[in-house]
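Peer 1: Counting the sequence shown from 1 gives a position; the numbering used here is that position plus 10. Glycine residues also receive a C-beta, built at the ideal position from the N, C-alpha and C atoms. Nothing here was measured: the structure is a model prediction, and the numbers come from that model.
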Amino acid sequence: MTAEYRSVRGMRDLLPEETRRWRELENSVHGIMARWGYGEIRTPVFEQTELFTRSVGEDSDIVSKQMYTFQDRSKTSLTLKPELTAPVMRAYIQHRLDRMGVLTKLYYIDSLFRRERPQAGRLRQFRQFGAEAIGSPHPEQDAEIIALAFRILKELGLESLTLQISSIGSPKTRARYRDVLLRFLSDQRDKLSRTSQERLKTNPLRILDTKDPEERRILREAPSLLDYLDHEDLAHYRTVKENLTGLDIPFEEAPILVRGLDYYSRTTFEISHPELGAQNALCGGGRYDGLIQDLGGEPTPAVGFATGIERVLLALEKTTPSPAESPRDIYVVAATGTVIQAVSKLAAQLRDAGFTAQFDTLRRSLKAQMREANRLNCAHAVIIGEEELGSEQVQVKNLTTGQQLKVKMNSLVSYLANSAGPPSSSD
Ligand code: HAM
Numbered sequence: 011m012t013a014e015y016r017s018v019r020g021m022r023d024l025l026p027e028e029t030r031r032w033r034e035l036e037n038s039v040h041g042i043m044a045r046w047g048y049g050e051i052r053t054p055v056f057e058q059t060e061l062f063t064r065s066v067g068e069d070s071d072i073v074s075k076q077m078y079t080f081q082d083r084s085k086t087s088l089t090l091k092p093e094l095t096a097p098v099m100r101a102y103i104q105h106r107l108d109r110m111g112v113l114t115k116l117y118y119i120d121s122l123f124r125r126e127r128p129q130a131g132r133l134r135q136f137r138q139f140g141a142e143a144i145g146s147p148h149p150e151q152d153a154e155i156i157a158l159a160f161r162i163l164k165e166l167g168l169e170s171l172t173l174q175i176s177s178i179g180s181p182k183t184r185a186r187y188r189d190v191l192l193r194f195l196s197d198q199r200d201k202l203s204r205t206s207q208e209r210l211k212t213n214p215l216r217i218l219d220t221k222d223p224e225e226r227r228i229l230r231e232a233p234s235l236l237d238y239l240d241h242e243d244l245a246h247y248r249t250v251k252e253n254l255t256g257l258d259i260p261f262e263e264a265p266i267l268v269r270g271l272d273y274y275s276r277t278t279f280e281i282s283h284p285e286l287g288a289q290n291a292l293c294g295g296g297r298y299d300g301l302i303q304d305l306g307g308e309p310t311p312a313v314g315f316a317t318g319i320e321r322v323l324l325a326l327e328k329t330t331p332s333p334a335e336s337p338r339d340i341y342v343v344a345a346t347g348t349v350i351q352a353v354s355k356l357a358a359q360l361r362d363a364g365f366t367a368q369f370d371t372l373r374r375s376l377k378a379q380m381r382e383a384n385r386l387n388c389a390h391a392v393i394i395g396e397e398e399l400g401s402e403q404v405q406v407k408n409l410t411t412g413q414q415l416k417v418k419m420n421s422l423v424s425y426l427a428n429s430a431g432p433p434s435s436s437d
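#1: Which of helix, strand or coil does DSSP assign to residue 164?
#2: Just to check, is the beta-carbon of residue 160 closer than 8 Å to a non-hydrogen atom of ligand 2?
#3: Can you give, in chain order, each stretch of the beta strand (DSSP E) that sits fully within the segment 312-346 and has at least 3 residues?
#4: Kindly examine ligand 1 and report whether one of its heavy atoms sits closer than 8 Å to the Cβ of residue 329.
#5: Taking only the alpha-carbon atoms, compute the straight-line gap between residue 202 and residue 185 and give it to the nearest angstrom.
#6: Pick helix, strand or coil for residue 2, following the three-state DSSP scheme.
#7: With a floor of 4 residues, list each alpha helix (DSSP H) that falls wholly inside the segment 221-283, ordered by position along the chain.
#8: For the beta strand (DSSP E) containing residue 189, list its first residue and its last residue.
#9: Give the C-beta separation of residue 236 and residue 265 to the nearest angstrom, bearing in mind that I take them to be a contact with Cβ-Cβ under 8 Å.
#10: In this structure, what does DSSP give as the bridge partners for residue 62?
#11: Return helix, strand or coil for residue 297, following the three-state DSSP convention.
#12: When you compare each of 74, 345 and 165 to residue 209 by their alpha carbons, which one comes out closest?
#13: In whole angstroms, what is the alpha-carbon distance linking residue 353 and residue 156?
#14: Is it right to say residue 23 is buried, meaning 16 or more other beta carbons lie within 10 angstroms of its own, or is it exposed?
#15: Does the separation of the CB atoms of residue 277 and residue 297 fall below 9 Å?
#16: So residue 269 and residue 219 are in contact, right, with Cβ under 8 Å, and what is the actual spacing, rounded?
#17: Have a look at residue 123 and residue 56 and give me their C-alpha separation to the nearest angstrom.
#18: Going by the DSSP bridge assignment, what does residue 303 pair with across the sheet?
#19: Cβ-heavy atom distance between residue 315 and ligand 1 below 8 Å?
#20: Does the distance from the C-beta atom of residue 267 to that of residue 175 stay below 9 Å?
#21: Identify, in the order they occur along the chain, each residue of the same chain with its Cβ nearer than 6 Å to the Cβ of residue 261, setting aside the five sequence neighbours on each side.
#22: Which same chain residues end up closer than 8 Å to residue 109 when comparing Cβ atoms and leaving out the 5 residues on each side of it in sequence?
#23: Mapping the DSSP letters down to three states, classify residue 119 as helix, strand or coil.
#24: With DSSP collapsed to three states, give me the class of residue 420.
#25: I need the straight-line Cα distance from residue 379 to residue 290, nearest angstrom please.
#26: Could you compute how far the alpha carbon of residue 14 sits from the alpha carbon of residue 20?
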C-alpha cells in the first residue's frame, strides 16, 4: 500500500505501541495532580485570536510567526491554541471561578499548535500537561508550583533534571530596566537583526530571548535585570529560593529568563534535561500577576507551568527502558469453524470477568490461531472444540510453559485468575 495522504508536517500519529506509554504518563499526571489538590480543566481547541495577541504578546515569536490563524465564515479571526495559560484564564474569568474559593488550582493535559520548524522534540502539534494556581501573590505559591513541576518529572522516572529560576521583577521594575536596556542596545543597533531592530521600538525586553548567536554575544555585556530588582522583588525572589531549598528541590539561578511569552512578572523558571539536545526545555513557567486583569478580570495574581509531553517521553526513552508488558491476556481459539459462536461468547464472558480476551474473526486454522496468540504475547490460549463443547470443558494452554490441561467451563474464570494473576484494569 502506498499512502496518498500523509499527516501534515510536524503533526504525528500516535500508534498503539506509543499510546500505551502516553496513557501511563497521563494516568500518573491525573493521579499526582489530584494528590496536590488541582482540578482538571479542558478548554476548546481554538479561541479568538485577540486572546493570544493580548496575552502572549504581539512581538513574541508565537504570535508573530507561529500561530495557526484563520477566519471562520462570519469573518471572526480564530486561532488554534498555541498555549494554555491564556485560555485557562479566559475560562477563569468567564465562569467566575474566583467564586470557587480564594485560591483556584487548575491543571490540564492538552494539544497545542505552533508553526515552528519541526525537528526532534519540536512539533507543530504537541501536547503539554500543566497547572495554574490562581489567587496567591506569595512566594510559597511559586515554590509549590515549581515543586509540583519538578516532582511530576521525578515521579515519571526522570533523573538529571536541571531547574533554572530567575526573577524578571514587577512591571515597574521592568519599565525602569527597559530604558537602560534600550540605551545599551541602541548603541549596537547596526549589529542587530531586522526583527530585533523592530523590537527595539516595540518591546526591547523580547530581544533578551533571541536565539541569534551574535545577539547573544552582545547581550552578555548588557546590564543585568537582576541588578534592577527592587526591594519587594528581591524579598519575593529570596523567599521562593528559601522555600525550594526547604523542599529539597535543587535549582540554579539563571541571570535572566525572559521566556517566550510576555505575560510573566517576577518568578520565571525552566526545567531541562541533558539528553534532549537542542530542544532540551522540558518545562517552563512563572508568575503572571497582571494577565487576568489584562484580559478584563479583577486584578488576580497567578503562577503556573507547562511541560511538553513529547519531550518527557523522548527523555524517558533515552534513559529508562520501556517496561515489558507482562502476559496476562487470553486468546480463545476455535478448534473447528463450527464452534465460533461459542468462542465469541466465551471471549465476552471473560471480558465481563475482567480479562483481556480476543478471538479470531478471519476463520484461520487452529495452528494459525495459536501462532497469533503467541504473537500477541497472550498468557493463555483457551481452546474450544466440538468435543469440549459437548462436555462443558475447554483446553487451557499456558503459552509460557507450554503446559495444557482440561478445565471445566464453570471453573475457568477462577482457574485463569489464579494462574494468570488477577485481572488488572490499569491498561
Ligand atoms: P512554553 O515554554 O512555551 O510555556 O512551553 C512549555 C513546554 O512545552 C516547553 O518547555 C516544551 O517542553 C513544550 N513545547 C513548546 N513548544 C513545543 C513544540 N513546538 N514541540 C514540542 N514541545 C513544545 C508555555 O506554554 C506557558 N503557557 C507555560 C506556563 C503555564 N506559564 C505559566 N503557566
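Peer 2: If we stick to the structure as given:
#1: Residue 164: helix per DSSP, three-state reduction.
#2: This structure lacks ligand 2; the ligands present are ligand 1.
#3: Here the runs fully enclosed are 312-318 and 340-344.
#4: No, since every heavy atom of ligand 1 falls outside the 8 Å radius drawn around the Cβ of residue 329.
#5: About 22 Å.
#6: Residue 2 is absent from the structure shown; the chain starts at 11 and stops at 437.
#7: For the segment 221-283, the continuous alpha helix (DSSP H) assignments of 4+ residues that do not extend past its boundaries occur at 223-230 and 241-256, in sequence order.
#8: Looking at the DSSP string, residue 189 is not in any beta strand (DSSP E); the run it does join, the alpha helix (DSSP H), is 181-196.
#9: The Cβ separation is near 6 Å, so the contact holds.
#10: Paired residues: none, contrary to the question.
#11: Strand.
#12: Considering only 74, 345 and 165, the residue with the shortest C-alpha distance to residue 209 is 74.
#13: Those two C-alpha atoms are separated by around 53 Å.
#14: Residue environment analysis places residue 23 among the exposed positions, since fewer than 16 neighbouring C-beta atoms fall within 10 angstroms of its C-beta.
#15: Going by beta carbons, residue 277 and residue 297 fall inside the 9 Å limit.
#16: Approximately 7 Å separates the beta-carbon atoms of residue 269 and residue 219; this is inside 8 Å, confirming the contact.
#17: Rounded to the nearest angstrom, the two C-alpha atoms are 10 Å apart.
#18: BP columns for residue 303 are empty, so no partner.
#19: Yes, the Cβ of residue 315 comes within 8 Å of a heavy atom of ligand 1.
#20: Taking 9 Å as the Cβ cut-off, residue 267 and residue 175 qualify as a contacting pair.
#21: Excluding sequence neighbours, residue 261 sits near 173, 175 and 254.
#22: Closer than 8 Å at Cβ, skipping near neighbours: no residue.
#23: If DSSP states are grouped into helix, strand and coil, residue 119 belongs with the strands.
#24: Three-state DSSP puts residue 420 in a helix.
#25: Looking at the two C-alpha atoms, the distance is approximately 46 Å.
#26: Straight-line measurement puts the Cα of residue 20 at about 18 Å from the Cα of residue 14.
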